[in-house]
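Q: Below is the structure I would like to discuss, written out as C-alpha cells.
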Amino acid sequence: MKETNGQHIISLFEQWAPKSLAVEGDPVGLQIGTLNKTITKVLVTLDVNLKTVEEAIVNGCELIIAHHPPIFRGLKNMRTDLPQGMLIEKLIKHDIAVYAAHTNLDIAAGGVNDLLATALQLENINILEQTSSEQLMKLAVFTPKQSTELVRTALAIAGAGQIGDYMDCSFTSEGEGRFKPSGLATPFIGQANELAVVEEDKIEVVFPISMKSKVLKALLTSHPYEEPAYDLILLNEKGLGRIGTLMQSQTLADYAELVKKQLNVPFVRVVGNLTKEVKKVAVLGGDGNKYIQTAKRAGADVFVTGDLYFHVAQDAEAIGLAVIDPGHHVEQIMKIGVAEYMTKVCMQHKLAVEFIPSNISTEPFQLI
Ligand SMILES: [Zn+2]
1 MKETNGQHII SLFEQWAPKS LAVEGDPVGL QIGTLNKTIT KVLVTLDVNL
51 KTVEEAIVNG CELIIAHHPP IFRGLKNMRT DLPQGMLIEK LIKHDIAVYA
101 AHTNLDIAAG GVNDLLATAL QLENINILEQ TSSEQLMKLA VFTPKQSTEL
151 VRTALAIAGA GQIGDYMDCS FTSEGEGRFK PSGLATPFIG QANELAVVEE
201 DKIEVVFPIS MKSKVLKALL TSHPYEEPAY DLILLNEKGL GRIGTLMQSQ
251 TLADYAELVK KQLNVPFVRV VGNLTKEVKK VAVLGGDGNK YIQTAKRAGA
301 DVFVTGDLYF HVAQDAEAIG LAVIDPGHHV EQIMKIGVAE YMTKVCMQHK
351 LAVEFIPSNI STEPFQLI
C-alpha cells in the first residue's frame, strides 16, 4: 500500500462520476481547500454541516466527499459569525478539503439513482430522463497499416472524434488480421483461397448517432478493403432517475411498506389508490417534482421521489400516477455506496486510504 494524495483519489472518483455528467450550473468539484496534499482518510457524507465536520475532525479525515455542495449559490460574503462562514472557517482551520459530487453522482452508472433502484428491488433498469444532449456511438475499424493514416483522416474530416472542445480524437492499437479471400473476391492484399496474415491497426472513434451515415460513408470510401471489418457500438445513455419493474406486481400499500423498510425511513407520504397494483416503478433521488410527467410518459405505475409539493401531488393524482415520497434524506444511500466503491478502486491501485461513511443523520425533520 502506498501513500496517496487528493488529486489521485479524485481522478479515480471522476473516472466513475466525471464532472461533465453534471447538469448545467451544478457547482460540482472541489469547493473548499486543496487536493494537493496527502490523504489517509475520507469522510463520505450527504451534507456538510457542523456535526459532519466534527465527525471528520474526530476521525482524522483530510477530505470530505459530499453529495450536496455546501456552497450551492454564489457566496456573497465569508462572515464567520453566520452559519455558512462558520462552517467554511472550521474546515479551513482543520485543513479539511470538501469535494462535491452532486448531479454527476446521480447520473453516473452505479451512482445515487442506481443505488436507490437496486434498494427498491427494480429489475430491467433504464434511465428515466436522458441528460446528455445526444446519444453517442463508437466505431472500431480494422485497417492494414499502410492505410491507417488515410482512414483516420477521413473519419476526422467527416466529423468523428469530437469530444467536448477536442477535435479529431481517436485511439489506435496494433494487431494481426487474418482472412482467406474466396475465388470470387478481388483482394487488396493476398491471393484467392490463400490465408493472408496482415499487420493491422484498430482505430476507434466516437460520434453522435446523427452522424452515423456520414462517418460510415467516409470509412467505406477511404478503406482499401472490399469488405472492411468494423464494429458499431451504441454507447450507454446517461441520465437522471431510473425506471424498472418489480419481479411481481403488488399493491401500492405493500410497495410503500417495502420502500419504508428498504430505505430505512420511519414514514412515507403516498399519493394514489392504495389497493392499485404496481409493477413499473420510476425513482429519482432528491427533489423529483419536475419529473412527474416524465415518469407518467415512461409508463410508471408509481414514482418514488422526495420533496413532493402539494400541487404537484394533486397533478400526479389527476393524471393517475401514484407517488411515494420517502423524503430527500434517502439519498444518504450514497454514503455507503461511494465508500464501498472507492474502497474497492483504491485497493486495486494499492492506495493507503480509508473511506468512512458518515454516521450522522442530516435529516432536519422530526416526527412528533
Ligand atoms: Zn439531493
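Here my numbering is used: position 320 in the sequence shown is 320, and no number is missing along the way.
All residues carry an ideal CB built from backbone N, CA and C; glycine is no exception.
(1) To the nearest whole angstrom, what separates the beta carbons of Leu321 and Val281, a pair I think is in contact under 8 angstroms?
(2) Label Val58 either buried or exposed according to how many other C-beta atoms from any shown protein chain fall within 10 Å of its C-beta, with 16 as the threshold for buried.
(3) In the structure shown, what three-state DSSP assignment does Glu331 receive?
(4) Given a threshold of 16 other Cβ atoms within 10 Å of its Cβ, counted over all protein chains shown, does Leu150 qualify as buried or as exposed?
(5) Between the Cα of Asp254 and those of Gly241, Ala160, Val270, Leu240, spot the shortest distance and give me the residue it belongs to.
(6) Kindly list the residues whose CB is nearer than 7 angstroms to the CB of Gln332, restricted to its own chain and excluding five residues on each side of it in sequence; keep chain order.
(7) Helix, strand or coil for Tyr309 per DSSP?
(8) In the DSSP output, what is Gln130 paired with across the bridge?
(9) Of the residues Ile292, Ile10, Leu82, Asp106, which one's Cα is nearest the Cα of Tyr309?
(10) Compute the beta-carbon to beta-carbon distance between Leu87 and Val53, rounded to the nearest angstrom, for a pair I have assumed lies under 8 angstroms.
(11) Identify the continuous alpha helix (DSSP H) that holds Phe13 and give its terminal residues.
(12) Ligand 1 and Gly288: does the residue's C-beta get closer than 7 angstroms to at least one heavy atom of that ligand?
(13) With a threshold of 7 angstroms (Cβ to nearest heavy atom), would His67 be considered close to ligand 2?
(14) Return yes when the Cβ of Asp26 is within less than 8 angstroms of the Cβ of His102, no when it is not.
(15) For His94, which residues from the same chain have a beta carbon less than 6 angstroms from its beta carbon, with the 5 sequence-adjacent residues on both sides left out?
(16) In chain order, what residues of the same chain have a beta carbon less than 8 angstroms from the beta carbon of Asn5, not counting five sequence neighbours either side?
(17) How about Gly285: is its Cβ closer than 7 angstroms to a heavy atom in ligand 1?
(18) Taking 7 angstroms as the cut-off, is the C-beta of Glu331 nearer than that to any heavy atom in ligand 1?
(19) Whose C-beta lies closer than 7 angstroms to the C-beta of Lys279 among residues of the same chain, with five residues either side of it excluded?
(20) Rank Leu234, Arg297, His329, Ala316 by C-alpha distance to the C-alpha of Gly285 and give the top, closest one.
(21) Whose C-alpha, out of Leu351, Pro364, Ser358, Leu367, is nearest the C-alpha of His8?
(22) Thinking just about the alpha-carbon of each residue, which of Lys41, Pro70, Glu62, Ile360 is nearest to the one in Val48?
(23) Just verifying my parser: in three-state terms, what is the DSSP assignment at Ile92?
(24) Output the distance between the C-alpha atoms of Ala66 and Ser361, rounded to the nearest integer angstrom.
(25) So is the beta-carbon of His328 under 7 angstroms away from any non-hydrogen atom of ligand 1?
A: Judging by the given coordinates:
(1) With a Cβ gap of about 11 angstroms, Leu321 and Val281 do not count as contacting.
(2) exposed
(3) helix
(4) exposed
(5) Val270
(6) Leu46, listed in sequence order.
(7) Three-state result, Tyr309: coil.
(8) Gly239
(9) Ile292
(10) 6 angstroms
(11) 6-16
(12) Every heavy atom of ligand 1 is 7 angstroms or more from the Cβ of Gly288, so no.
(13) In the structure shown, ligand 2 is absent; the only ligands present are ligand 1.
(14) Contact: yes.
(15) Around His94: Ile57.
(16) Excluding sequence neighbours, Asn5 sits near Leu35, Asn36, Lys37, Thr38, Ile39.
(17) yes
(18) yes
(19) A distance below 7 angstroms between beta-carbons, with the five flanking residues on each side excluded, links Lys279 to the following residues of its chain, in chain order: Thr245, Leu246, Ser249, Asp301.
(20) His329
(21) Leu351
(22) Between Val48 and the set Lys41, Pro70, Glu62, Ile360, the nearest pair of CA atoms involves Pro70.
(23) helix
(24) 13 angstroms
(25) yes
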